[in-house]
Amino acid sequence: MTTTTQPTYAQTVKERRSIRVYDPQVKISKEEMMEILDEAALAPSSLNLQPWRFLVIDSEEGKETLKDLAKFNQRQVETSSAVIAVFVDMQSIETTQEIYDLAVEKGVMPADVRDRQVPAIQNMLKDIPRPEMRAMNFIDAGLVSMQIMLSAQARGYATNPIGGFEKARIAEAYGLEKDRFEPVMLISIGKAAEEGYQSVRLPIENIAKWV
Ligand SMILES: Cc1cc2nc3c(=O)[nH]c(=O)nc-3n(C[C@H](O)[C@H](O)[C@H](O)COP(=O)(O)O)c2cc1C
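Following the numbering used here, the numbering of the sequence shown begins with 39 at its first residue and continues without gaps.
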């Protein structure tokens, strides 16, 4: 009988490292990818607006398009099971009602609280300057991206966050409205076929201060 033990949280974070070559034979099923994204989307977000959107690029055709957009990260594109493109929806304000309705439906928020909060949020965000909305969304997208990598790691997969790609072209290349969906990063994911490199971190005493 084989037993599988779940890695501890400490193992998961300590063992994660960027992997840039994967076993091309290993395909993550759509079902498991949905579980990874489900876990990742438990990340907190400003006003719980969850502005992240995911494009799971795992078909040959999708990868072919990406090759041209991520020229300096070809091996990850070619060998990974999938590359998840993380975008933010700059119009996430439009999903406020849906999110808060869901909270009421699931019994985690009283209806009167929703009825006060939804207009308050919409009112607060309606005139927010785009750079501010963008900054807010990008913070949220960073949190969800880290959770994708940790969820994958805990399941025995490896990842690589990738910022080296053509941000100005990627939305349109996949038929997304460019002004609305802004790319944040790519995350390649698959079964590791290399050890990767150890990397160092600054000592905490140099970067943290107690007051
Ligand atoms: C936002 C972001 C963008 C990155 N872009 C790239 C990239 O384009 N290509 C690449 O090979 N690695 C990329 N990396 C990976 C970093 O080089 C790596 O995370 C860092 O050196 C620390 O190593 P580790 O991930 O193994 O801990 C990126 C990482 C982050 C967080």
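Ideal Cβ positions, reconstructed from N, Cα and C, are used throughout, including at glycine.
Residue i Cβ short of 8 angstroms to ligand 1 heavy atom set
{"i": "S237", "result": "yes"}
{"i": "N198", "result": "yes"}
{"i": "N175", "result": "no"}
{"i": "G228", "result": "no"}
{"i": "R58", "result": "yes"}
{"i": "F203", "result": "yes"}
{"i": "G213", "result": "no"}
{"i": "Q112", "result": "no"}
{"i": "M128", "result": "no"}
{"i": "M223", "result": "yes"}
{"i": "G234", "result": "yes"}
beta-carbon residue i near ligand 2 non-hydrogen atom, thresh 8 angstroms
{"i": "R54", "result": "As presented, the structure is devoid of ligand 2, carrying ligand 1 as its sole ligands."}
Own chain residues within Cβ distance below 6 angstroms of residue i, not counting five before or after
{"i": "R55", "result": "G234"}
{"i": "M147", "result": "A141"}
{"i": "A81", "result": "L181, V182 and Q185"}
{"i": "A179", "result": "W90, V124, V126 and V222"}
{"i": "K65", "result": "S119"}
Distance between beta carbons of residue j and residue i, contact taken as under 8 angstroms
{"i": "V126", "j": "P169", "result": "Not a contact, Cβ separation roughly 13 angstroms."}
{"i": "L214", "j": "A108", "result": "Incorrect: roughly 16 angstroms between the Cβ atoms, too far for contact."}
{"i": "N198", "j": "M128", "result": "Contact flag wrong, Cβ pair sits at about 26 angstroms."}
Exposure of residue i, with buried meaning 16 or more beta-carbon neighbours within 10 Å
{"i": "S67", "result": "exposed"}
{"i": "R239", "result": "exposed"}
{"i": "T134", "result": "buried"}
{"i": "A78", "result": "buried"}
{"i": "P62", "result": "exposed"}
{"i": "N161", "result": "exposed"}
{"i": "V121", "result": "buried"}
Of the residues the options, the one placed nearest residue i, counting alpha carbons only
{"i": "I95", "options": "V238, I208 and A79", "result": "I208"}
{"i": "N111", "options": "G202, N244 and E98", "result": "G202"}
{"i": "T103", "options": "P62, G145, Q236 and E204", "result": "E204"}
{"i": "G228", "options": "K105, E116, Y138 and S84", "result": "E116"}
{"i": "V51", "options": "P62, Q160, I131 and A196", "result": "A196"}
{"i": "Q44", "options": "A190, A246, M171 and I57", "result": "A190"}
{"i": "Q49", "options": "A192, S119 and S118", "result": "A192"}
Close beta carbons around residue i, own chain, < 7 angstroms, minus the five adjacent residues each side
{"i": "A149", "result": "V142"}
{"i": "V156", "result": "T134, Q135 and Y138"}
{"i": "N86", "result": "I137"}
Close Cβ partners of residue i (< 8 angstroms) along its chain, the five nearest in sequence each way excluded
{"i": "G194", "result": "K229"}
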